[in-house]
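Participant:
In structure tokens form, the structure reads like this:
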């Protein structure tokens, strides 16, 4: 941007420099031309031409002075330019009013309304979303409470069932133990009775054998071993 | 010489030709001579400005009316300016309810003045707003809008009577004072519109004249030593570049001021004391 301005400034500077010699040259040429005209008139010997040239020279200077004085007035008013400006402006206003400003204003208003409508819709949607969010949060909170209740109830029921199962198992174990003890006691009693009966029988048998034969010490030992072995081979009692 | 005031003025003021480099003068064909109008450089530039504005804004209007979102820097920039003028200039000055009716005038004034101002930044062109004929005509447009809108709202008599503020005065005093106040107010109304034109003219004219003077220093130093001339030329070119930036800013600022004051005057006319 600044570079362009520098170029523009340079161009202006160059233009001024270029114009200045031209202007000076033109002035000189004008003066020389008038002088040549004077010389030509003198050579022709016609005083009228000299007076005419002098008058022309005077007139040019006067005109330039007047022109210069008029040009130096920044408040110089040109009616032509004012009328032209007014006409151009009014025509421009009418053309733009019909083909530009009207559609632009309508388009901008339409867009503003559309944007305002979209903002309203967005605010409404936001409001609805917040309400839904609150509802869902409430539902979620209720669900949590419900779940906690269910869990607590389940835990309580599980504990209750567990306790009942433990008590039942304990009772059953105690009953089983009691039954086993009774069975053991019964079996022991039966075994003792059977042992007594067997002992008596064996004592009778042994006494009979002793009676039937004289027994030596080696026989005694063999007999005892036989009796023991025979006792061991006996099947257990069914009691 | 370029230091001749008339020569300097010639680069700032209106003329019947475009001054190009190397002494080339492009004379404007006087096609309106039969009806007594002399075509000048500023007239041509005003016409170009009007055509340029139409070429830019009519397609823009077509784009906006399609309802599409703004795309591109130019479209966005122009919309920003249009909305700024409506929301920050016209509506605060005229009132939200009435401002929209005057937006075509406000927009046209701003862009026409701005374009004419910016033409002054184009080498060998010129700023039509640097001539009283142009600025006075534009101020008259504002004046006409102000008076017309006021008369439309309050009636012809009502508008002019409303120029005198409401005052509780004894009848004897009011007979003398109110006509004087009426006279002062009417003259004030004319003066402030005339000042509207002179303000724009003075800023644009003076800015370009200062630029011409600074660049003219080069011509003054041309007969001096080459080192002196080089230094002056460098300083002049840099100074002209800096002042051109200022002029660019002034082009926008003066267009804004002219538009803002026009809106303010319209607002004062349709919202009396």
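Chains as they are written, first to last, in the numbering used here: chain H, 1 to 239; chain F, 240 to 512.
Even for Gly, the Cβ is constructed at its ideal location relative to N, Cα and C.
Count the other CB atoms, across all protein chains shown, that sit within 10 Å of the CB of residue 253 of chain F; report buried if there are 16 or more and exposed otherwise.
Facilitator: For the purposes of this step, residue 253 of chain F is taken as the residue at position 14 of the second chain. So residue 253 of chain F counts as buried.
Participant: Within 7 Å of any Cβ in chain F, is that where the Cβ of residue 104 of chain H sits?
Facilitator: The residue you call residue 104 of chain H lines up with position 104 of the first chain. Yes, residue 104 of chain H lies at the interface with chain F (some Cβ there is under 7 Å from its Cβ).
Participant: For residue 291 of chain F, I'd like the list of residues in its chain whose CB is within less than 8 Å of its CB, leaving aside the five on either flank, ordered along the chain.
Facilitator: Position 52 of the second chain, counted from the first residue, corresponds to residue 291 of chain F. Only 354 meet the Cβ criterion.
Participant: In terms of DSSP beta bridges, what is residue 257 of chain F paired with?
Facilitator: What you label residue 257 of chain F is simply residue 18 of the second chain in a count that begins at 1. F:265.
Participant: From the beta carbon of residue 494 of chain F, is the nearest beta carbon of chain H less than 7 Å away?
Facilitator: Position 255 of the second chain, counting from 1, holds the residue named residue 494 of chain F. Chain H, which has no Cβ nearer than 7 Å to the Cβ of residue 494 of chain F, makes this no.
Participant: Could you give the distance in angstroms between the alpha-carbon of residue 331 of chain F and the alpha-carbon of residue 286 of chain F?
Facilitator: The count along the second chain starts at 1 and reaches residue 331 of chain F at position 92. The count along the second chain starts at 1 and reaches residue 286 of chain F at position 47. For residue 331 of chain F and residue 286 of chain F, the distance between alpha carbons rounds to 32 Å.
Participant: Looking at the unbroken alpha helix (DSSP H) that takes in residue 356 of chain F, where does it start and where does it end?
Facilitator: As a working note, residue 356 of chain F is residue 117 in the second chain. That run of the alpha helix (DSSP H) goes 335-358.
Participant: For residue 271 of chain F, which residues in the same chain have their Cβ closer than 7 Å to its Cβ, ignoring the five residues on either side in sequence?
Facilitator: Residue 271 of chain F sits at position 32 when you count from the first residue of the second chain. Once the five neighbours on either side are set aside, the close Cβ partners of residue 271 of chain F are 278.
Participant: Just checking: is the beta-carbon of residue 92 of chain H within a distance shorter than 7 Å of some beta-carbon in chain F?
Facilitator: Within the first chain, the letter at position 92 stands for residue 92 of chain H. Yes - at least one Cβ of chain F is within 7 Å of the one on residue 92 of chain H.
Participant: Does residue 141 of chain H get closer than 7 Å to chain F when you measure Cβ to Cβ?
Facilitator: Along the first chain, read from residue 1 onward, the residue named residue 141 of chain H stands at position 141. So, not an interface residue.
Participant: CA-CA distance, residue 77 of chain H and residue 114 of chain H?
Facilitator: Here residue 77 of chain H corresponds to residue number 77 of the first chain, with the count starting at 1. Here residue 114 of chain H corresponds to residue number 114 of the first chain, with the count starting at 1. Their Cα atoms are separated by approximately 50 Å.
Participant: Three or more beta-carbon pairs under 8 Å between the stretch 88-106 of chain H and the stretch 294-313 of chain F, yes or no?
Facilitator: Yes, since at least three Cβ pairs between the stretch 88-106 of chain H and the stretch 294-313 of chain F fall closer than 8 Å, the two stretches touch.
Participant: Going by C-alpha to C-alpha distance, which of F:328, F:462 and F:276 sits closest to residue 500 of chain F?
Facilitator: Here residue 500 of chain F refers to the residue found at position 261 of the second chain. Closest option to residue 500 of chain F, Cα to Cα, is F:328.
Participant: Using 8 Å as the threshold, is the stretch 406-419 of chain F in touch with the stretch 458-473 of chain F, meaning 3 or more CB pairs across them?
Facilitator: In short, these stretches do not touch, since the Cβ pair count stays below three.
Participant: Looking at chain H, is there any beta carbon in it that lies within less than 7 Å of the beta carbon of residue 314 of chain F?
Facilitator: Sequence index remark: in the second chain, residue 314 of chain F carries index 75 (1-based). No, no contact with chain H.
Participant: For a contact defined as C-beta to C-beta under 7 Å, what are the partners of residue 95 of chain H on chain F?
Facilitator: The residue labelled residue 95 of chain H in the question sits at position 95 within the first chain. Correct list: 293.
Participant: Do residue 502 of chain F and residue 333 of chain F have their CB atoms nearer than 7 Å?
Facilitator: Within the second chain, the letter at position 263 stands for residue 502 of chain F. Within the second chain, the letter at position 94 stands for residue 333 of chain F. Yes, Cβ-Cβ distance for residue 502 of chain F and residue 333 of chain F is below 7 Å.
Participant: With a cut-off of 8 Å on the beta carbons, I'd call residue 514 of chain F and residue 294 of chain F a contact; round off their distance for me.
Facilitator: A query on residue 514 of chain F cannot be resolved here, the shown segment of chain F reaching from 240 to 512 and no further.
Participant: Is the number of C-beta pairs between the stretch 313-323 of chain F and the stretch 392-404 of chain F that are closer than 8 Å three or more?
Facilitator: The stretch 313-323 of chain F is not in contact with the stretch 392-404 of chain F.
Participant: Along the chain, where does the alpha helix (DSSP H) that runs through residue 388 of chain F open and close?
Facilitator: As a first step, residue 388 of chain F must be located in the second chain, where it is residue number 149. Its alpha helix (DSSP H) spans residues 371-393.
Participant: With distances taken between CB atoms, is the gap from residue 389 of chain F to residue 508 of chain F smaller than 7 Å?
Facilitator: By 1-based counting over the second chain, the position of residue 389 of chain F is 150. By 1-based counting over the second chain, the position of residue 508 of chain F is 269. Yes, the Cβ-Cβ distance between residue 389 of chain F and residue 508 of chain F is below 7 Å.
Participant: For the alpha helix (DSSP H) containing residue 85 of chain H, name the first residue and the last one.
Facilitator: Residue numbering aside, residue 85 of chain H sits at position 85 when the first chain is read from its first letter. That run of the alpha helix (DSSP H) goes 79-96.
Participant: Restricting to Cα atoms, I'd like to know which of F:445, F:260 and F:322 is closest to residue 486 of chain F.
Facilitator: Here residue 486 of chain F corresponds to residue number 247 of the second chain, with the count starting at 1. With distances taken between Cα atoms, residue 486 of chain F lies closest to F:445.
Participant: Would you check if the stretch 435-442 of chain F and the stretch 372-382 of chain F touch, i.e. whether three or more CB-CB distances between them fall below 8 Å?
Facilitator: Yes, since at least three Cβ pairs between the stretch 372-382 of chain F and the stretch 435-442 of chain F fall closer than 8 Å, the two stretches touch.
Participant: Please compile the residues from chain H whose C-beta is within a distance smaller than 9 Å of the C-beta of residue 282 of chain F.
Facilitator: Along the second chain, read from residue 1 onward, the residue named residue 282 of chain F stands at position 43. Chain H residues near residue 282 of chain F: 80, 81, 84, 85 and 88.
Participant: Please check the pair residue 370 of chain F and residue 281 of chain F, which I expect to be a contact at CB under 8 Å, by giving their CB distance rounded to whole angstroms.
Facilitator: Here residue 370 of chain F is taken as the residue at index 131 of the second chain, counted from 1. Here residue 281 of chain F is taken as the residue at index 42 of the second chain, counted from 1. Contact flag correct, Cβ pair sits at about 5 Å.
Participant: At 8 Å on the CB atoms, spell out the chain F contacts of residue 100 of chain H, in chain order.
Facilitator: Position 100 of the first chain, counted from the first residue, corresponds to residue 100 of chain H. Going along chain F in sequence order, the residues near residue 100 of chain H (Cβ under 8 Å) are 293, 296, 297, 299 and 300.
Participant: Can you tell me whether residue 169 of chain H is buried or exposed? The criterion is at least 16 other CB atoms within 10 Å of its CB, across all chains shown.
Facilitator: Within the first chain, numbered from 1, the residue matching residue 169 of chain H stands at position 169. Exposed.
Participant: Specify the secondary structure class of residue 324 of chain F as computed by DSSP and reduced to three states.
Facilitator: Within the second chain, numbered from 1, the residue matching residue 324 of chain F stands at position 85. Helix at residue 324 of chain F.
Participant: Answer yes or no: do residue 359 of chain F and residue 264 of chain F have a C-beta to C-beta separation smaller than 7 Å?
Facilitator: For the purposes of this step, residue 359 of chain F is taken as the residue at position 120 of the second chain. For the purposes of this step, residue 264 of chain F is taken as the residue at position 25 of the second chain. Cβ atoms of residue 359 of chain F and residue 264 of chain F: not closer than 7 Å.
Participant: With distance defined between alpha-carbon atoms, name the residue in H:164, H:233, H:108 and H:194 nearest to residue 309 of chain F.
Facilitator: To locate residue 309 of chain F, count along the second chain from 1; it is residue 70. Of the listed residues, the one whose Cα sits closest to residue 309 of chain F is H:108.
Participant: In the DSSP assignment, the alpha helix (DSSP H) including residue 492 of chain F goes from what residue to what residue?
Facilitator: Here residue 492 of chain F refers to the residue found at position 253 when the second chain is read from its first residue. Element bounds for residue 492 of chain F: 465-509.
Participant: Taking its Cβ as the centre, do 16 or more other Cβ atoms sit within 10 Å of residue 325 of chain F, making it buried, or is it exposed?
Facilitator: For the purposes of this step, residue 325 of chain F is taken as residue 86 along the second chain, with counting starting at 1. Flag for residue 325 of chain F reads buried.
Participant: Look up residue 3 of chain H in the DSSP assignment and say whether it is helix, strand or coil.
Facilitator: Position 3 of the first chain holds residue 3 of chain H. With a pLDDT of 40 at residue 3 of chain H, under the threshold of 50, the modelled position of that residue is not reliable, and no figure is offered here.
Participant: Do you know offhand how far residue 142 of chain H's Cα is from residue 153 of chain H's?
Facilitator: Working through the first chain from its first residue, we reach residue 142 of chain H at position 142. Working through the first chain from its first residue, we reach residue 153 of chain H at position 153. Looking at the two C-alpha atoms, the distance is approximately 16 Å.
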